[in-house]
Amino acid sequence: MDGCATGISQMTSPRTRETFDEDWTFYRGDIAIPESVKAGRAARLTDVPAKDEPKGKHLQIAFVDKETKAEVDPETWRKLDLPHDFCIEGDFLQTDSDADKTHGYLPRGIGFYRKVFPIPQEDKGKKIVLEFDGVFRNSRVWLNGQILKDHRSGYASFEVDVTDNLRYGDEGDNCVLVRVDATDTEGWWYEGCGIYRHVWIRKTSRVHVAQWGSYITTPSVSSLSATVRAEITVHNQTSSPASVKVMNTILDALGARLSFADAQLVVSADDQGVCVQTLEIHSPRLWSPETPVLYTLSTELRCGDELVDRYETTFGVRSFEFTSEGFFLNGKHTVIKGTCNHQDFAGVGVALPDSLQQYKIRLLKQMGSNAYRCAHHPPAPELLDACDRLGMLVMDENRQLDSSEKGLADLESMIYRDRNHPCIVMWSMENEEPFQGTERGARIMETLVRRAHRLDSTRPTLSAMNHGYYSGGYLEKMDLTGINYGHKGTDIELHEKKPERLQIGTEAAACCTTRGVYYPVPEKCYLDAYGHAPALIEWLSWWTCHYEIPWQRLLRHPFLTGMFVWSGFDYRGEPSPYGWPCINSHFGILDTCGFPKDEYYYYKANWSDEPLLHVFPHWNWAGRESEIIKVWVFTNCGEVELFLNGTSLGKKRVVRESHIEWEVPYTPGELRAVGSGGLGGALEKVVRTTGAPASIRLVPDRTELKGKGDAIPVRVEILDSDDLIVPIASNLVRFFIQGPGEIAGVGNGDPSCLERDKADRRSAFNGLCLAIVKSDQSQGTVYLRAESDGLRGAELKFAINC
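Encoded structure:
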């Protein structure tokens, strides 16, 4: 992370890093770019007239939509702010294409983004760069008619040096044009389309800290002191050698100065130099999931008396190691209780506002999870920031097993960008590549691992493997062994054959369930919440398992250092185990909206110390009177007694890593579970038969929007006359916004719902749906109202405060 976002005002620094997200225009479709423009000559899509240019010169070249053959007028393009995913804006379309199926039956395609902007005269002489955190995919960037960048990856961050091609001051405005071609896929899940992460404009002096040019490690850590090693790469992009004084200061969270070091560095013209310094922190506060304490390294560069750069890096002080006895963080044995996650979310696709990145991590933390696997690519920087601040260990993952020039560049981008995050404790080189267990794959892996170790020697490497453990020498190229679905016996077998290999479960369970559904409904593509897939779906059995099994195995086999459950959230695309009309996976512990499924409480009972008693299913089974209903309980109490309408159905002792179960003839009324003993102590949980839907309740994650572009998820509940959630309700809810805000998206967690995510209405699924409220300005008040035919509506007020 660079820029001047923390602790020290940008007003005192020559470096600025500002958002470039606002005031873009967008065109969906492919445009025929004339050869003269491809060669670099200006035209009105890729440029704007200079102040001294003859009028009309830029109107001589027509741009035409390749499909419609109509001329494209940039004045008619849609205005928007980034991040933006244009795939999520489409309508679902059933096709036979495997790529469309895995992408969630939403059409992919090509889009153009255009932005006109001024650069003040006083910026002439600075180095000016555009930073793109993520564009999916195959992007081309023009500035003022000049092609400056072609970038293929949809996940690797990249930058574009625009210094030489800018117009300054009275020379006129500038025009940046970005073509995005998302017709090809990189994975087999929903990947979105467009400039779906942030864009920044960075301005520095010609002598400055390089992009991702600060590398901080803590080679010695104890409760008494910590040694901090700071490696600073300095660019001198001038025609003369530069004598640079490098000054590093460590600041705590309140800005207090803890340590200081300086050194002189001479950097040749048009070259870079590296300065390494060692600093000390006395009585450091150690970073962990329980205590996510962060420090800041403020780096100043001076040429003589002139301050030429200030660069800030957030870091944490911690030590960790993987051993045959398990994973140790700061000397404490820590079981890795993780989930695998793709990056999408209901309503917004992959273009998540920063607050939703934090929201997802908080939901997982509340469940008791302490680790997050970025499946199967590097994440947005803001997700890692959230993991740093909230306390979540991370397995950062490279997209592909590829040692080509591009493959190595993508790996380097991930490691350079992310290596200062204390949350990251391992680098994954790939996931389930077909070359696992081959000599060819081993050669590629060796190259990737060597490069990873050169860029960061403090973290182990691994890959998420599902075959090829004993051939080709592949396994031995990595520091750890990541096993996908080891519950079939692979993990035990590998430990017996190669006991020296340290293991972790990189994917576990992959149990298919649907929130609020307790009997399979094949025609709707729903599976039951108990976690038992229908026998007709035989292909699931060879790699998935019930969600209780991996944790039980981990408790029995401590050499397994931890596990990442597939998956934390349901995700768009890869509809499994059904196809159309199912448009997303069923693997999540939470659904696509972040609403917990019943299994969420299994993990919470086992992964957290919070007292918990959870009873399911709901008790609305009209027409099934006297039919046997399976009632399950997840709890960390020692014993539970179940009552039906006041009559005891008996007590049962709790096996915490499993569940307890009763078979209950259905009678409307009340189920009441009473827990005692154990970690949970005295707890009571009641499940009642509800009445008909009567009203709406809005439950926001918070009520204050933090400036323009912030977003708040609002849980929408359908209630009966006693204010109980009606667990079978499917009412259509309409949303109305007043003030400087918008509905950024809607959802309901239904894996077979074909309603649009970009809409002002959504039907409830089993009593719940979601609306995401987003601010359009930096001040004001936003009002959200929800209405549904025959129900009492609800309203919320959100204050916008920077």
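Be aware that the sequence shown starts at -15, since it is given in this note's numbering, and climbs by one per residue. Built from N, CA and C at the ideal position, the CB exists for glycine as well. None of the values given here were measured: they were computed from a predicted structure.
Distance from the CA atom of leucine 708 to the CA atom of arginine 357, rounded to whole angstroms, is 36 Å. Burial state of tryptophan 8 is buried, judged by a 10 Å Cβ sphere holding 16 or more other Cβ atoms.
Within its own chain, the residues whose Cβ lies closer than 7 Å to the Cβ of leucine 291, once the five positions on either side in sequence are excluded, are Pro(-2) and Glu284, listed in chain order. Here the C-alpha atom of isoleucine 131 lies approximately 47 Å from the C-alpha atom of alanine 493. Here tryptophan 526 is exposed: its Cβ has fewer than 16 other Cβ atoms, across all protein chains shown, within 10 Å. Rounded to whole angstroms, the Cβ separation of tyrosine 584 and isoleucine 567 is 22 Å, and the two are not in contact under 8 Å.
Cβ-Cβ distances below 8 Å link glycine 322 to Ser353, Asn354, Ala355, Tyr356, Arg357, Leu377, Met379, Gly546, Met547, Phe548 and Val549 in the same chain, with the five nearest sequence neighbours on each side left out; the list follows chain order. When the beta-carbon positions are compared, leucine 270 and asparagine 232 stay at least 7 Å from each other. Rounded to whole angstroms, threonine 497 and glutamate 2 show a C-alpha spacing of 43 Å. DSSP places glutamate 284 in the uninterrupted beta strand (DSSP E) bounded by 279 to 287. Glycine 557 places its beta carbon less than 7 Å from that of histidine 87.
Look at lysine 53 here: in three-state DSSP terms it is coil, with no helix or strand label. For asparagine 568, DSSP records a beta bridge to Arg556.
Going by DSSP, threonine 528 is part of no alpha helix (DSSP H) at all; its letter is neither H nor E. Spatial neighbours of glycine 13 in its own chain (CB-CB distance under 7 Å, excluding positions within 5 residues in sequence) are listed in chain order as Asp49, Glu51 and Ile94.
About 6 Å separates the CB atoms of leucine 655 and tryptophan 603; that is less than 8 Å, so the two are in contact.
In the three-state DSSP reduction, glutamate 416 falls in the coil class, being neither helix nor strand. In the same chain as glycine 456, and ignoring 5 residues on each side of it, the C-beta atoms closer than 7 Å to its own belong to Gly421, Thr422, Glu423, Gly425 and Ala426, in chain order.
Boundaries cannot be given for asparagine 122, as no beta strand (DSSP E) includes it and DSSP labels it neither H nor E. Around the Cβ of leucine 208, a 10 Å sphere holds fewer than 16 other Cβ atoms; the residue is exposed. With the rule of 3 Cβ pairs closer than 8 Å, the region 642 to 651 does not count as touching the region 741 to 753. A straight line joining the alpha-carbon of phenylalanine 720 with that of tryptophan 173 spans about 32 Å. Put simply, of Phe329, Val277 and Ser272 the residue whose alpha carbon is nearest the alpha carbon of phenylalanine 312 is Ser272.
Taking C-beta separations shorter than 6 Å and ignoring five residues to either side along the sequence, the partners of glutamine 341 in its chain run Glu366, Leu367 and Ala370, following chain order.
According to the DSSP secondary-structure assignment, serine 759 is paired through a beta bridge with Gly725. Assigned with DSSP and collapsed to three states, glycine 391 falls in helix. In the DSSP annotation of this structure, valine 334 is not part of any beta strand (DSSP E), being labelled neither H nor E. The count of Cβ pairs closer than 8 Å, one atom from the region 149 to 158 and one from the region 190 to 209, stays below three, leaving the stretches out of contact. Setting aside the 5 residues that flank it on each side, threonine 528 is surrounded in the same chain by Tyr469, Ala493, Ala494, Cys495, Cys496 and Ala517, each with a C-beta closer than 8 Å to its C-beta; the list follows chain order.
C-alpha of leucine 464 to C-alpha of glutamate 381: approximately 14 Å in a straight line.
The alpha-carbon separation between valine 205 and isoleucine 103 amounts to approximately 46 Å. Proximity to serine 762 across Ala783, Ser772, Cys753 and Arg686 peaks at Ala783, based on C-alpha coordinates.
With distances taken between CA atoms, arginine 186 lies nearest to Glu143 out of Asn149, Pro203, Glu143 and Gly171. For serine 412, the number of other beta carbons within 10 angstroms of its own is at least 16, and it is reported as buried.
Looking only at Phe244, Leu486, Ala330 and Arg62, the smallest Cα-Cα distance to proline 735 is reached by Ala330. DSSP links valine 205 through a beta bridge to Ala210.
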